[in-house]
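Below is one structure, written out as structure tokens; comments come after it.
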Amino acid sequence: MLELLFLLLPIAAAYGWYMGKRSTRINQQRSSESLSKNYFEGLNFLLSDQPDKAVDRFIELLQVDSETFDTHLSLGNLFRKRGEVDRSIRIHQNLIARPSLSLAQKDMAMMELAKDYLAAGLFDRAEEILLQLVKDPDHSDEAEKQLLSVYQATKEWWKAIHLVKRFKRARRKQLAPQVAHFYCQLAQESKSEKEQQDFWLQALKQDECCGRAYLAQFDLACEQRRFNDAITALGSIAQLAPEWFAETLPRAQQPFTETQRRDEYAELLQLVLEKQPSATVTLALAETMAPEQAEQMILAHLKRQPTMKGFHRLMQLHADAMASESSRDSLMLLSDLVGKQIRLRPKYRCIQCGFPGHSLYWHCPSCKSWGQIQRIQGLDGD
Ligand SMILES: [Zn+2]
Numbered sequence: 351m352l353e354l355l356f357l358l359l360p361i362a363a364a365y366g367w368y369m370g371k372r373s374t375r376i377n378q379q380r381s382s383e384s385l386s387k388n389y390f391e392g393l394n395f396l397l398s399d400q401p402d403k404a405v406d407r408f409i410e411l412l413q414v415d416s417e418t419f420d421t422h423l424s425l426g427n428l429f430r431k432r433g434e435v436d437r438s439i440r441i442h443q444n445l446i447a448r449p450s451l452s453l454a455q456k457d458m459a460m461m462e463l464a465k466d467y468l469a470a471g472l473f474d475r476a477e478e479i480l481l482q483l484v485k486d487p488d489h490s491d492e493a494e495k496q497l498l499s500v501y502q503a504t505k506e507w508w509k510a511i512h513l514v515k516r517f518k519r520a521r522r523k524q525l526a527p528q529v530a531h532f533y534c535q536l537a538q539e540s541k542s543e544k545e546q547q548d549f550w551l552q553a554l555k556q557d558e559c560c561g562r563a564y565l566a567q568f569d570l571a572c573e574q575r576r577f578n579d580a581i582t583a584l585g586s587i588a589q590l591a592p593e594w595f596a597e598t599l600p601r602a603q604q605p606f607t608e609t610q611r612r613d614e615y616a617e618l619l620q621l622v623l624e625k626q627p628s629a630t631v632t633l634a635l636a637e638t639m640a641p642e643q644a645e646q647m648i649l650a651h652l653k654r655q656p657t658m659k660g661f662h663r664l665m666q667l668h669a670d671a672m673a674s675e676s677s678r679d680s681l682m683l684l685s686d687l688v689g690k691q692i693r694l695r696p697k698y699r700c701i702q703c704g705f706p707g708h709s710l711y712w713h714c715p716s717c718k719s720w721g722q723i724q725r726i727q728g729l730d731g732d
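All the letters of the sequence shown, read from the start, carry residue numbers 351 to 732 under the numbering used here.
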């Protein structure tokens, strides 16, 4: 009898092993069923416009299986993009609270939470998280970029400048034109002229082609009637940032007139035109000439680069030269119409995002890039 029982032992062991396997399979199946049930319910809430309940379900789901990390991250980002920042904050905060996350996953979730805070205007919270992230020697470029966005949003230019100083050499070089704008912002906010001058010099040290700093130097020099300094600033713009020269017109003529250096003014305009074709500069040069010569030059310009502005000025010149009063009136009427059309059209456009405007912004209100809003080129523009 005892031998028989011994013979049955392997069968009992095999049965035990089988039952154990079966129960694990049933557990897995149950867990998977509950997972899909929660997912299904969550999706249902999302589709039936009950996003709060959907968020609750998805958070519940995370407690069951932390492998759904990517799905939660994407869902949070989706809510943020839809402007529902409170929901994306809840999702990302819950992700961070999971002890099972790897270090890399936790950093990713923290980055997304910082972006949520940034989108919600909670800059101090975003800064706190991002400062923590950039402390890590292997931090991502994204963490640097977002922290810089925080300082730009809060207009903390010194913090932004010091942050960039800590970046790697290549990144510092890439951001130099932007840092030049941070110095120009400091100059704009300063009441002391001495400080302003220092900030513009710092800006030019970062980016010797910073048209904004030269334009500001030119403006202050004109205001203080330091006309030779104003001419020096104009020379720098012509040489290093000719795309901004049109912004100095028509005021650019005054320093040359005041210092009896009229010929140099026309020479400077010629130099700018060689570097940067512009209807505004062409018309300013035409102003320095006799009417017939001016007409010839505008015609030549129109053949090379047709612009409404050039056409408008040519019509005015023709009207002035007309003997018949009725023809002159008709042409003046047409010229006024073209003039109105020119004034209605936006003068500037961001070359990054296409944001149009009638005034010059150094910081694009739409895409937040620096120095990318320029005069529109082509038929309607410059
Ligand atoms: Zn833009």
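Virtual Cβ for every residue (Gly too), placed ideally from N, Cα, C.
G721 is the residue among D730, Q727, G721 whose C-alpha sits nearest the C-alpha of A553.
Here M665 really is in contact with S685; their C-beta atoms are around 4 Å apart, less than 8 Å.
Apart from the 5 residues on each side of it in sequence, K509 sits with its Cβ closer than 6 Å to the Cβ of Y501 in its chain, given in chain order. At a threshold of 7 Å, S709 does not count as near ligand 1, since its beta carbon sits no closer than that to any of the ligand's heavy atoms. Within the DSSP bridge table, the entry for Q535 names no partner. Around the beta carbon of A447, a 10 Å sphere encloses fewer than 16 other beta carbons of the protein chains shown; the residue is thus reported as exposed. Each residue's CA atom was taken as its position, placing A469 and L513 some 21 Å apart. Straight-line spacing of the CA atoms in K625 and Q400 works out to 59 Å. Residues whose Cβ lies closer than 5 Å to any heavy atom of ligand 1, listed in chain order: C700, Q702, C703, F705, C714, S716, C717. The beta-carbon distance between A537 and C560, rounded to whole angstroms, is 11 Å. This is too long to meet the 8 Å contact definition.
If you ignore the 5 residues before and after H708, its C-beta comes within less than 8 Å of the C-beta of P696, K697, Y698, all in its own chain and listed in chain order. DSSP, read as helix, strand or coil, puts R678 in helix. Excluding its 5 nearest sequence neighbours in each direction, H668 has C-beta neighbours in its own chain below 7 Å: L681, listed in chain order. In this structure, the straight-line span from the alpha carbon of G426 to that of R432 is close to 10 Å. In the DSSP secondary-structure assignment, R699 is bridged to P706, Q724.
Closest in C-alpha terms to L710, from the list R562, F568, R663, comes R562. A distance of 8 Å or more separates the beta carbons of F419 and L463.
Within a 10 Å sphere around the beta-carbon of E573 sit fewer than 16 other beta-carbons, which makes this residue exposed. H713 carries a strand assignment under DSSP once its states are collapsed to helix, strand and coil. Judged by beta-carbon spacing, F473 lies beyond the 8 Å limit of A520, meaning their Cβ atoms are not closer than that value.
The straight-line gap separating the alpha-carbon atoms of P487 and E614 is approximately 55 Å. With fewer than 16 other Cβ atoms inside 10 Å of its own Cβ, L729 counts as exposed.
Of the residues T630, G689, L633, P592, the one whose Cα lies closest to the Cα of L621 is P592. Going by DSSP, K431 is part of the alpha helix (DSSP H) stretching over 419-431.
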